[in-house]
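Following: one structure in structure tokens, then a few remarks.
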Amino acid sequence: MSVENAPVVDVDEAAIPVEKKMYYRFESNDKKEFRVSELAIQQSETLNRLVEAMGYTSEDVENKPAIAIENIDGKTLKLVFQWCEHHKGEAIPVDDGSVPKIVEIPEFDAKLMDIDNGLLFKLIWAADYLNIVQLLNVSCKKVANMAQGKTPAQLRRVYLLPSDEEDEAAKRAAQEAQDPRAREVEEEFEERKRQGGNSFF
Amino acid sequence: MPSYLSNIPQLALKEILCYLDHKSILPLRKTCHSIRNSIGHLKPDLHFTSIHFQLTPNNIFIELFYKEETLRKCVTICYIKTESGCEIRCGPKKIHLENEDFAEVALGDYELFLTYQSMTLNWFELNLEYFQLDPLADTRVLEPIAQKVLNRTETVLARKDRPLKTENFRMTVIRQEQAVKILKMIDTESLKLVSIHGKTLTPMIRMKCDELEKLEQWKKAEKLELWRFNFVSPIEKIIHFVEVNVFLKMVSMNDVLEVKKIFLQSSKLQKVSIKYDYFKDADQFIPVLGQFQYKPSQYGERKWSWFYRHSNSNHVLCITQTSHITPKPKYIEFVLLKTLDLTRAELEVLYPYKRCEPTLKLTRGSSHILLLPFIFLFKTLDFLFNFSFPSSSIMNKLLLSLLFFSFLAIVFAHPHHHHHKKRGGVKKIVKVITVGSGKPGFPGKRPQKHSSSSSSSSSSEEILADPVTDAPPKCDDGWLSFKRPTGLWCVLVGNKGGGNHQFSHSEAEKICEQHSATLTGLQNDEERMEVANEALHQLGEIKIENGAVWLGAETTPACKQKNCGPHDTFKWTDGHTIGTAGFHFGKNEPDENNYDGIHACLQQIVMTKTFKQQAHEEWLDAFKHGDLDKYKCENPEKPKTRLYACGRKAR
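Residue numbers (the UniProt record's numbering), protein chains in the order written: chain H, 1 to 201; chain B, 1 to 651.
Put into structure tokens, the structure is as follows:
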């Protein structure tokens with residue numbers, strides 16, 4: 001796919017002086033290409049390290065193939081880079097381990113994440129993989145908000161979780177595949193079941 | 001089938017869980033095994049602020065406190081032993097588990113809460129209530145369960161990645177070792193208060209705390225609360241605490257002296273409070289502790305205070321013994337005060353010599369000089385009536401001799417004083433007054449700022465040189481303070497100066513005038529009851545159970561005889577009280593008698609709870625303690641004993 005045809009994320013041109021503008025090209029697992037500013041990339045620890053290690057010049061970026069991100073599809077990656085461009089230059093929050101953690105979801109993020117649950121979980125997955133701390137914060141916060149005041153049955157629907165029976169069936173299937181790891185997990189959760197079984201909670 | 005939450009990375013799940021509290025995490029645990037496994041592995045904090053556990057022979061209560069927005073909330077789970085198993089109640093929810101042991105089930109949940117807790121708790125409480133109803137039977141039942149609870153708690157706390165953090169730690173135990181077992185598992189850095197409530201079959205027994213004091217937790221904490229433990233000697237035990245609260249069945253003078261010693265040596269102690277039911281040798285107070293200040297306060301408390309200079313020259317140790325008219329535990333408090341914060345009266349106790357100068361100045365106004373003998377007489381009577389100390393025999397002797405002495409002193413000192421102001425004699429008189437004066441409140445008594453001309457170089461001069469000036473208005477000692485919308489209103493309830501406690505409304509008014517006050521009105525029920533209770537308290541000191549307080553009100557011209565209703569028959573006369581909320585009459589009051597005089601007066605009936613049954617005075621049936629009564633202003637007989645309630649604005 002040629003560069004010209006690739007869906008390109010809108011960038012606020014005025015924000016960065018023209019001469020310092022440096023772009024990188026990334027490609028999703030479904031071969032969609034993105035051009036992302038250097039400053040926006042800094043929001044992702046994973047990508048930032050990657051481009052630093054590569055040490056591309058402007059020419060390299062244009063001449064060499066786009067950097068492939070193999071685990072993330074184009075739809076998700078578009079959201080990720082939109083988020084990064086909007087928040088570029090912002091300080092990356094440091095988790096000091098204080099509980100409860102206070103995170104506000106800004107309006108832009110709320111709109112960005114106004115998506116179906118499947119995509120939202122993919123976004124979380126991507127934020128985790130690319131190590132974008134603040135995106136992980138807001139997306140997790142959004143998922144957490146969905147849990148408020150729900151019964152276990154409602155939670156199963158919201159989060160598409162299997163019931164215990166389905167869960168067990170899945171485990172059995174895994175065990176039958178002779179995976180030694182599955183047996184281990186099975187034992188662990190049998191132990192948990194015993195511990196939690198006679199509990200009120 | 002996509003399974004969103006169970007497929008996401010651990011880090012993300014952890015992140016999601018950290019925004020959730022118990023209300024979401026506990027249901028999430030119930031969705032499916034894989035989530036329960038993950039949660040069990042991640043141990044998310046459930047956002048509890050306090051965790052309380054209470055064991056009684058047949059029940060366990062777990063109380064979990066948490067914050068919702070800014071509100072503090074609490075969920076209580078009750079595990080009840082039943083014939084066939086265990087019943088669990090939580091709010092409206094109720095389940096029964098057959099063949100389950102209530103302690104096991106409760107401990108299962110408790111383990112979860114403690115394991116997941118990572119935030120610093122406000123309170124961690126573990127109370128083993130051995131002596132609920134029948135101490136012996138309860139102990140037999142409870143002992144094995146308590147052992148199980150302690151062992152399990154210890155194991156759970158030991159298994160935590162980091163020690164449990166809590167600011168306040170409280171346990172109720174019957175043996176020291178029980179508290180040691182759990183306290184030693186608590187994080188030392190966050191701990192502020194260690195509170196151990198010991199329970200013993202024989203309340204007089206004091207438990208040892210030698211093992212507790214070895215713990216790092218004990219050494220690091222700032223506050224200590226101990227019940228039924230022997231807390232004094234050796235000194236090192238409590239010297240590092242900032243605040244210590246102790247409750248004991250019986251204390252002795254020896255305890256007081258030990259604490260005093262520790263206090264004066266410690267650079268940290270700010271406050272030690274000893275609550276007690278009995279004082280073994282209360283007659284030793286005066287001989288051992290020396291000169292004191294006596295203060296009856298408005299809440300039916302009586303306080304005796306002693307002051308000592310602390311090694312830190314800006315501070316003073318104040319020992320106060322407080323007793324109540326009601327059978328509440330009495331207490332002794334040791335408080336470190338800033339010398340600058342002491343009131344005038346307190347400074348006079350600390351530095352008795354400086355007393356005479358300002359007093360002379362105060363009474364030097366010509367009209368006051370003429371009144372002086374009477375004032376002394378009042379004060380001495382006041383002293384006699386007000387003053388009753390637990391150690392009666394010695395104090396009575398002391399009182400009588402002081403009384404006699406002060407009479408002599410008045411007689412001899414008066415002419416000198418009047419004409420020459422001979423200092424020696426006056427000095428003595430004034431000192432006598434210092435000791436006993438429970439109710440100062442002479443007009444103009446507040447001292448003017450006086451300079452330290454005598455250059456005696458003591459720090460007391462400097463302290464006295466800057467007495468309470470520019471302070472916000474407040475009521476003198478012994479006066480009740482009522483915060484009214486129109487300003488602070490001070491009320492002096494008393495029965496002194498009226499000859500055998502029998503005096504008319506106008507005589508009461510005269511006594512008030514001597515205090516620069518007037519008979520007071522009552523703004524509301526609170527004021528009404530506070531005056532009544534203070535009056536009752538004073539009657540109690542002269543062993544009288546029924547009396548009446550003259551108030552500042554008179555009938556309006558139209559309603560001198562006619563009952564115009566509770567709100568319109570009387571009007572307040574003190575010029576400050578407004579409204580009718582304080583008018584609360586007895587049954588069939590105001591009555592329709594046409595009493596002598598231009599108007600009828602208002603008295604407040606005061607009596608003890610038991611008085612009515614003993615007295616057989618029919619007229620009293622219409623009244624409760626504190627009710628108001630329309631009555632004649634002169635020659636009152638019902639009841640005979642009179643008090644006044646004088647009011648004035650705070651200055």
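Glycine residues also receive a C-beta, built at the ideal position from the N, C-alpha and C atoms. These numbers were taken from a predicted model, which means no experiment stands behind them.
Cβ distance (whole Å) where residue i is taken to contact residue j below 8 Å
{"i": "B/E129", "j": "B/T56", "result": "5 Å"}
{"i": "B/I39", "j": "B/L64", "result": "Contact doesn't hold; Cβ gap of about 17 Å is too wide."}
{"i": "B/Q217", "j": "B/L183", "result": "5 Å"}
{"i": "B/H52", "j": "B/W123", "result": "7 Å"}
{"i": "B/E235", "j": "B/D255", "result": "For the sequence presented, residue 235 of chain B should be read as Ile rather than Glu. At roughly 13 Å, the Cβ-Cβ gap does not stay under 8 Å, so B/I235 and B/D255 are not in contact."}
{"i": "B/A517", "j": "B/C646", "result": "4 Å"}
CA-to-CA distance, residue j to residue i, given in whole angstroms
{"i": "B/S266", "j": "B/I239", "result": "5 Å"}
{"i": "B/E333", "j": "B/A146", "result": "35 Å"}
{"i": "B/E111", "j": "B/D21", "result": "17 Å"}
{"i": "B/E125", "j": "B/I62", "result": "10 Å"}
{"i": "B/Q603", "j": "B/K510", "result": "16 Å"}
{"i": "B/F241", "j": "B/F231", "result": "12 Å"}
{"i": "H/L160", "j": "H/D128", "result": "20 Å"}
{"i": "B/E15", "j": "H/I102", "result": "12 Å"}
{"i": "B/R152", "j": "B/E225", "result": "25 Å"}
{"i": "H/Q43", "j": "H/L135", "result": "9 Å"}
{"i": "B/L539", "j": "B/N546", "result": "7 Å"}
{"i": "B/L620", "j": "B/F570", "result": "21 Å"}
{"i": "B/T322", "j": "B/Y331", "result": "5 Å"}
{"i": "B/K181", "j": "B/M171", "result": "11 Å"}
{"i": "H/K122", "j": "B/Q10", "result": "14 Å"}
{"i": "B/T155", "j": "H/L120", "result": "41 Å"}
{"i": "B/E592", "j": "B/D525", "result": "24 Å"}
{"i": "residue 262 of chain H", "j": "H/K78", "result": "Residue 262 of chain H lies beyond the range of chain H shown here (1 to 201); nothing can be said about it."}
Assigned secondary structure, residue i (DSSP; H/G/I helix, E/B strand, else coil)
{"i": "B/H324", "result": "strand"}
{"i": "B/E333", "result": "strand"}
{"i": "H/C140", "result": "helix"}
{"i": "B/H41", "result": "helix"}
{"i": "B/E222", "result": "coil"}
{"i": "B/A581", "result": "coil"}
{"i": "B/H49", "result": "In the sequence as presented, His is not what sits at residue 49 of chain B; that position holds Thr. Of the three classes helix, strand and coil, the one that applies to B/T49 here is strand, per DSSP."}
{"i": "B/M529", "result": "helix"}
{"i": "B/H537", "result": "helix"}
{"i": "B/W489", "result": "strand"}
{"i": "B/K181", "result": "helix"}
{"i": "B/F61", "result": "strand"}
{"i": "B/N546", "result": "strand"}
{"i": "B/R651", "result": "coil"}
{"i": "B/C78", "result": "strand"}
{"i": "B/A517", "result": "coil"}
Nonlocal neighbours in the same chain, by C-beta distance under 8 Å from residue i, ignoring five residues either side
{"i": "H/F81", "result": "V9, F26, F34, V36 and A40"}
{"i": "B/M250", "result": "M204, Y276, D277, Y278, F279 and K280"}
Own chain residues within Cβ distance below 6 Å of residue i, not counting five before or after
{"i": "B/Q284", "result": "M253"}
{"i": "B/N594", "result": "Q561"}
{"i": "H/I124", "result": "S139"}
{"i": "B/K93", "result": "none"}
{"i": "B/P566", "result": "F583 and F585"}
{"i": "H/D109", "result": "V138"}
{"i": "B/K361", "result": "Reliability of the predicted coordinates at B/K361 is poor, the pLDDT of 35 falling under 50, and the value obtained from them is presented with this limitation in mind. Nothing listed; no residue qualifies."}
{"i": "B/V272", "result": "V244, V259 and F334"}
{"i": "B/F611", "result": "E545 and N546"}
Cut-off 7 Å between Cβ atoms - residues of its own chain near residue i, not counting five sequence neighbours on either side
{"i": "H/K21", "result": "S37"}
{"i": "B/F229", "result": "I196, G198, R206, M207 and C209"}
{"i": "B/Q176", "result": "M207, K208, C209, E211 and L212"}
{"i": "H/E45", "result": "N131"}
{"i": "B/E634", "result": "S504, D596 and G597"}
Chain-ordered neighbours of residue i on chain A, where CB pairs are closer than 7 Å
{"i": "H/Y159", "result": "Absence of chain A from the displayed structure is noted, the protein chains being H and B."}
### Message
Restricting to runs no shorter than 3 residues, where is the beta strand (DSSP E) found entirely within the region 614–645 of chain B?
### Response
628–631
#### Entry: Any beta strand (DSSP E) of 3 or more consecutive residues that is wholly inside the region 221–279 of chain B
223–227, 243–251 and 271–279
### Query
Which runs of the beta strand (DSSP E) fall wholly inside the UniProt domain "SKP1 component POZ" (26–88) of chain H and span at least 3 residues, in chain order?
33–37
### Task
With a floor of 3 residues, list each beta strand (DSSP E) that falls wholly inside the region 120–192 of chain B, ordered by position along the chain.
121–128 and 166–173
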